[in-house]
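Residue numbers (the numbering used here): 12 to 501. For reference, the structure discussed in these notes is given below.
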Ligand SMILES: Cc1cc2nc3c(=O)[nH]c(=O)nc-3n(C[C@H](O)[C@H](O)[C@H](O)COP(=O)(O)OP(=O)(O)OC[C@H]3O[C@@H](n4cnc5c(N)ncnc54)[C@H](O)[C@@H]3O)c2cc1C
């Protein structure tokens with residue numbers, strides 16, 4: 012008996028689920044539903060699955076085809092849900108390759124390395140403090156131990172109650188780290204979540220310290236995708252179709268309507284009836300669908316969706332250079348103090364398609380990222396600043412000619428502003444049989460980004476399959492609380 016047959020809901024139930032949005036959250040939800048034998052249709056507006064982690068075909072001037080994405084993504088080892096999803100189509104995780112080092116580059120050649128750190132707190136913290144040239148013994152008495160301890164005291168209730176109305180900047184100021192140490196150790200980390208420190212919840216930042224570092228038993232290490240992201244999503248699409256899911260790409264949901272038996276979803280040319288709906292959209296797309304759908308959603312849910320914010324834009328600039336970067340350059344490096352540049356990747360060291368191009372042409376494919384970009388900056392200004400950052404980090408690129416480039420600026424990553432947590436919507440909504448999934452959805456434990464998308468997708472599907480008497484998938488994350496959680500005074 013196959014897994015899906017074993018878990019299939021009883022025959023004759025009129026359950027028909029429409030999942031709206033084919034990013035990681037929507038794909039994860041559809042996977043569990045299809046595996047349990049539920050009739051499910053996945054609607055995706057774009058011509059490809061994957062959303063912000065997806066890839067699309069492009070062609071260089073010389074006719075070579077390649078895949079373009081929103082760029083570099085780190086697949087952390089504690090992304091248990093994402094790894095379980097990938098294992099469905101790649102049991103050995105052969106699409107992923109470990110990233111051994113992940114240096115952090117600062118101005119004037121400053122460098123930190125996170126190689127071979129102990130996995131567990133507090134040994135990892137002690138080792139970073141020991142290693143970093145930015146922190147001297149004489150600085151330590153000035154650092155606020157009490158506030159620093161909050162990083163090791165994450166608790167899903169208490170941390171938000173104490174810190175959600177404070178900004179990440181205010182919290183980092185309270186730590187009183189020397190400016191250079193703060194820049195190298197904290198600013199890059201805070202920026203990785205796309206939100207500017209001044210508008211980012213300190214509680215969310217503390218949750219991120221817990222999830223990625225202090226509460227993470229896997230250590231601060233990650234893998235990268237060896238192939239273009241499209242390879243993963245093509246495999247997942249085939250898997251879903253094999254399991255009976257209907258996938259409609261290039262088909263946006265235009266409107267959601269409530270009916271006595273559930274919902275009606277309008278798409279260009281057709282209308283689908285659904286008993287259950289999973290909305291697995293980015294924040295701007297969700298807000299728009301909510302706006303045009305009028306009273307299909309109840310007023311409480313509408314207000315919560317309306318209150319969701321979108322953070323500042325991010326920029327991705329992929330450069331095809333006529334020569335190689337120096338051989339010692341890391342495949343991926345975080346950067347700080349180099350203008351708006353947040354990280355720099357050398358793509359031929361990451362994935363095979365770029366390696367092929369580099370071997371054929373003798374050039375390098377370098378990708379520059381900037382997060383939380385000032386929205387008043389135009390393309391020219393962003394590019395000038397990124398180029399300066401690249402030249403400072405990798406001086407050999409000053410003489411390189413840009414043979415071709417791809418540039419994109421988007422604004423669709425969720426905001427985590429101070430105070431948002433109390434009104435942030437959860438997977439389960441106030442509207443019966445309507446669920447939310449995505450990297451903005453509130454969870455009762457720490458999670459983020461791709462993993463949050465997959466976990467909320469799994470949880471939305473679990474709610475539906477459990478209602479049908481089928482077995483849910485396991486939901487796993489890092490330990491719920493930090494080592495010092497509940498300690499008095501922290
Ligand atoms: C530059 C960049 C770098 C990143 N790096 C990392 C990283 O290193 N590690 C990490 O964990 N995460 C990273 N992320 C974040 C990660 O990409 C996201 O958290 C994750 O992909 C979000 O998935 P999602 O399913 O919640 O949303 P999305 O991927 O946004 O999916 C929503 C889907 O809905 C579709 N849609 C929109 N409107 C409609 C409609 N009306 N009808 C039907 N479909 C619709 C969209 O096309 C999209 O496919 C990065 C993101 C960016 C932008």
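Glycine is no exception: its CB is placed at the ideal position from the N, C-alpha and C atoms.
Beta-carbon within less than 6 Å of residue i's beta-carbon, same chain only, minus the 5 sequence neighbours each way: which residues are those?
i, result
"residue 484", "43, 469"
"residue 360", "342"
"residue 2", "Coverage of the chain is limited to positions 12 through 501, which leaves residue 2 absent and any answer about it impossible."
"residue 288", "29, 274, 445"
"residue 437", "453"
Alpha carbon to alpha carbon, what distance is there between residue j and residue i?
i, j, result
"residue 285", "residue 155", "54 Å"
"residue 18", "residue 41", "Reliability of the predicted coordinates at residue 18 is poor, the pLDDT of 45 falling under 50, and no value is obtained from them."
"residue 240", "residue 454", "26 Å"
"residue 392", "residue 352", "12 Å"
"residue 493", "residue 215", "14 Å"
"residue 151", "residue 181", "19 Å"
"residue 249", "residue 467", "22 Å"
"residue 34", "residue 97", "14 Å"
"residue 196", "residue 382", "17 Å"
"residue 99", "residue 318", "36 Å"
"residue 473", "residue 417", "39 Å"
"residue 294", "residue 404", "34 Å"
"residue 21", "residue 479", "In this prediction, residue 21 has a pLDDT of 44, which is less than 50 and means its spatial position is unreliable; nothing more can be read from the coordinates."
"residue 422", "residue 325", "6 Å"
"residue 339", "residue 358", "14 Å"
"residue 386", "residue 420", "10 Å"
"residue 412", "residue 69", "21 Å"
"residue 269", "residue 257", "22 Å"
"residue 399", "residue 120", "14 Å"
"residue 13", "residue 103", "With a pLDDT of 38 at residue 13, under the threshold of 50, the modelled position of that residue is not reliable, and no figure is offered here."
"residue 244", "residue 143", "40 Å"
"residue 296", "residue 192", "39 Å"
"residue 86", "residue 349", "25 Å"
"residue 45", "residue 52", "9 Å"
"residue 77", "residue 375", "14 Å"
"residue 401", "residue 238", "25 Å"
"residue 57", "residue 433", "32 Å"
"residue 426", "residue 101", "33 Å"
"residue 311", "residue 397", "43 Å"
Quick one, which of the options has its alpha-carbon nearest residue i's?
i, options, result
"residue 378", "37, 328, 233", "328"
"residue 476", "489, 34, 47", "47"
"residue 72", "111, 232, 331, 411", "331"
"residue 442", "177, 314, 88", "314"
"residue 491", "175, 163, 238, 185", "163"
"residue 220", "306, 189, 132, 185", "132"
"residue 194", "436, 251, 346", "346"
"residue 123", "111, 110, 130, 139", "139"
"residue 183", "482, 158, 406", "158"
Does the distance from the C-beta atom of residue i to that of residue j stay below 9 Å?
i, j, result
"residue 259", "residue 304", "no"
"residue 276", "residue 54", "yes"
"residue 75", "residue 368", "yes"
"residue 66", "residue 79", "yes"
"residue 146", "residue 135", "no"
"residue 414", "residue 363", "no"
"residue 125", "residue 115", "yes"
"residue 170", "residue 201", "no"
"residue 228", "residue 457", "no"
"residue 428", "residue 212", "yes"
"residue 172", "residue 209", "no"
"residue 165", "residue 226", "yes"
"residue 113", "residue 462", "no"
"residue 204", "residue 36", "no"
"residue 233", "residue 488", "no"
"residue 444", "residue 273", "yes"
"residue 373", "residue 409", "no"
"residue 570", "residue 230", "Look at the range of the chain in this structure, 12 to 501, and you will see that residue 570 is not part of it."
Might you give, ordered along the chain, the residues of its own chain that have their beta carbon closer than 8 Å to the beta carbon of residue i, omitting 5 neighbours on each side?
i, result
"residue 279", "262, 263, 265"
"residue 160", "495, 498, 501"
"residue 16", "Caution applies to residue 16, whose pLDDT of 40 falls short of 50 and renders its modelled position unreliable; the value that the coordinates give is listed next. Excluding sequence neighbours, residue 16 sits near 48."
Residues in the same chain with beta-carbon distance under 7 Å from residue i, minus the five sequence neighbours each way, listed in chain order, please.
i, result
"residue 27", "50, 284, 285, 286"
"residue 291", "30, 31, 32, 34, 36, 37, 40, 448, 449, 468"
"residue 309", "441, 442"
Can you find a CB in chain B that lies within less than 9 Å of the CB of residue i?
i, result
"residue 137", "Within the model displayed, chain B is absent; a lone protein chain is all it includes."
Check your understanding: Which residue spans inside the segment 41-84 form an unbroken beta strand (DSSP E) run of at least 3?
Key -> 50-55, 66-70, 76-80
Practice item. Pick out the complete alpha helix (DSSP H) segments inside the segment 138-225, 4 residues or longer, and give them in chain order. Key: 156-160, 169-174, 179-186, 190-193, 199-202, 213-220
Review point. What residue ranges within the segment 361-404 form continuous beta strand (DSSP E) runs of no fewer than 3 residues, ordered along the chain?
Key: 375-381
Exercise for review: With a floor of 3 residues, list each beta strand (DSSP E) that falls wholly inside the segment 409-491, ordered by position along the chain.
Suggested key: 413-421, 445-447
**Study point:** Contained alpha helix (DSSP H) runs [length at least 4] in the segment 84-135, N- to C-terminal order
**Key:** 91-98
Review point. Enumerated in chain order, which unbroken segments of the alpha helix (DSSP H) with a length of 4 residues or greater are wholly contained in the segment 293-351?
Key: 294-303, 310-318
Practice item. Could I get the ranges of all uninterrupted beta strand (DSSP E) runs contained in the segment 232-262, with 3 residues as the minimum, in chain order? Key: 233-236, 257-260
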